[in-house]
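What follows is a single structure, written as structure tokens, with notes after it.
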Amino acid sequence: MDPIHQFEIKNLFTIGTFGGHEIAFTNSAAYMFVAVILTAALMLGGTAARRLVPSRVQSLAELSYEFIADMLRSTAGEHGMKFFPLVFTIFMFVFVTNMLGVIPYTFTVASHIIITVALALLVFLTVIVYGFYKNGLKFFKLFVPSGIPMAILPLVVGIEIISFLSRPVSHSVRLFANMLAGHITLKVFASFVTMLGALGIAGVVGAALPLALTVAITALEMLVAALQAYVFAILTCIYLNDAIHPGH
Amino acid sequence: MAEQHGGGTSAHTSADGGKPPFPPFESHTFASQLVWLVISFVILYLIVARMALPRVGGIIAARQKAIADDLAAAQKLRDQSDAEMKAYETELAEARAKAQAISAETREKLNAQAESERRTLEDRLATKLAEAEKAIAATRDTAMGNVRGIATDSAAAIVQQLTGVQPDAGAVQSAVDRSLRG
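Chains as they are written, first to last, in the working numbering: chain A, 1 to 248; chain B, 1 to 182.
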């Protein structure tokens with residue numbers, strides 16, 4: 001009945017300790033590997049025949065390829081295509097783990113902030129490292145929009161720097177909070193069904209409403225799971241575009 | 001280290017009695033999650049970058065190439081058929097012009113032949129006509145000559161019978177001539 005219980009990390013077996021931290025293979029890790037296997041099955045198994053006229057699975061693999069490729073090309077340009085594997089991996093990882101999380105009794109990997117922070121920092125550091133590698137000191141032009149009067153320029157630059165530094169926060173919290181809140185809501189409504197069902201015949205009739213709501217929210221959660229993966233990926237594209245083209 | 005962790009676990013268990021801990025903020029799980037995130041993400045990245053994307057990209061490129069090749073081949077065949085159509089039309093026009101020339105020539109030849117035949121026929125007919133006319137005129141002249149002789153004889157005989165006098169042959173003849181002319 002505890003809506004928080006579903007987010008608990010369970011150690012399946014312990015590998016050892018490293019620097020004072022216990023390293024264990026957890027339920028979270030198991031779902032990460034399931035996502036890796038499912039993605040590999042879709043992208044490699046589905047395309048093994050290399051058909052000219054694609055089968056259903058191959059057409060799904062091509063669809064995801066072209067979806068991410070178009071997203072990246074339209075936001076970061078042709079030059080951004082060197083980050084295609086990174087964006088594709090991020091999208092598929094978040095998308096598949098989110099979709100797995102909608103299935104009852106499963107665990108949602110992105111409902112833990114450490115995961116979304118790690119992914120957001122990966123993007124943030126990639127932007128900074130590639131931005132300085134590619135543009136050198138011209139990367140600082142990112143904070144100096146052109147066509148701003150000198151009088152308010154320091155203010156604008158300050159705002160730009162703060163907004164740049166807060167990117168990993170908003171990037172990670174958005175995904176984490178959406179997954180967490182959605183699953184808590186789902187669990188609360190689902191527990192109403194069992195609570196009312198325990199009250200006898202009137203309760204069983206009354207439980208129909210939260211049951212219907214649970215079904216509806218499950219559908220909504222599927223949409224949110226897909227949408228948040230898309231949002232995470234497109235923000236990644238937009239941030240990478242800043243590293244490639246820092247001038248506004 | 002292990003004791004430290006053990007302490008953490010016991011704190012977690014004791015907290016269960018009062019306020020339950022919030023799993024996403026339990027920092028002792030962070031290390032495990034990060035390790036497996038890195039491992040699984042790197043594996044997925046390698047699969048995607050080394051195998052999946054080149055393969056899918058290759059499939060899509062091969063399809064586009066196949067479509068472009070087919071379109072080019074179709075265009076080539078169409079150009080070829082267009083050229084052949086044009087050649088056929090030119091040949092047809094040439095043949096038609098030739099046929100017209102031949103028919104015009106034949107018609108002219110036949111016309112000329114018919115004209116010459118008609119002319120010879122007309123000439124022959126004209127000669128025959130002239131001959132016939134001549135023959136008719138001759139016959140008429142002789143017939144007329146005979147008629148004069150008979151008339152003269154009859155007139156002489158009639159005059160002799162009426163008058164009993166042998167009329168002068170010259171006078172009878174001139175009288176007959178006058179009457180014939182008149």
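Even for Gly, the Cβ is constructed at its ideal location relative to N, Cα and C. Only a predicted model underlies this, so the values are computations on that prediction, with no experimental measurement involved.
Here DSSP, grouped into helix, strand and coil, assigns H183/A to helix. Under the 8 Å criterion on CB atoms, M222/A is classed as non-interfacial with respect to chain B.
A residue is called buried once 16 or more other Cβ atoms fall within 10 Å of its Cβ, and Q160/B, having fewer, is exposed. Following the DSSP letters along the chain, one finds F30/B inside the alpha helix (DSSP H) bounded by residues 30 to 46. No residue range can be given for L44/A, since it is assigned to no alpha helix (DSSP H) and is classified by DSSP as neither H nor E. In the structure shown, I102/B falls within a helical segment according to DSSP collapsed to helix, strand and coil. At a C-beta separation below 7 Å, F95/A has no neighbours in chain B, since its nearest C-beta there lies roughly 12 Å away. Per the coordinates, the alpha-carbon of V224/A lies some 11 Å from the alpha-carbon of L180/A. Within the same chain, and ignoring the five residues on either side of V188/A in sequence, the residues whose Cβ sits closer than 7 Å to its Cβ are P3. Residues of chain A with a Cβ closer than 7 Å to the Cβ of L37/B are, in chain order, M32, I115, A118.
In the same chain as K109/B, and ignoring 5 residues on each side of it, no C-beta atom comes closer than 6 Å to its own. According to the DSSP secondary-structure assignment, I103/A is paired through a beta bridge with no residue. Bridge partners of H21/A according to DSSP: F18/A. A Cβ of chain A is located within less than 8 Å of the beta carbon of L53/B. Identification of residues in the segment 82 to 112 of chain A having a C-beta nearer than 9 Å to some C-beta of chain B yields F84, P85, L86, F88, T89, I90, M92, F93, V109, S111, H112, given in sequence order. Distances from the CA of V193/A to each of G182/A, A207/A, I184/A, L165/A were compared; the closest alpha carbon is that of A207/A. Residues of chain B whose Cβ lies closer than 9 Å to the Cβ of T39/A are, in chain order, L44, I47, V48, A52.
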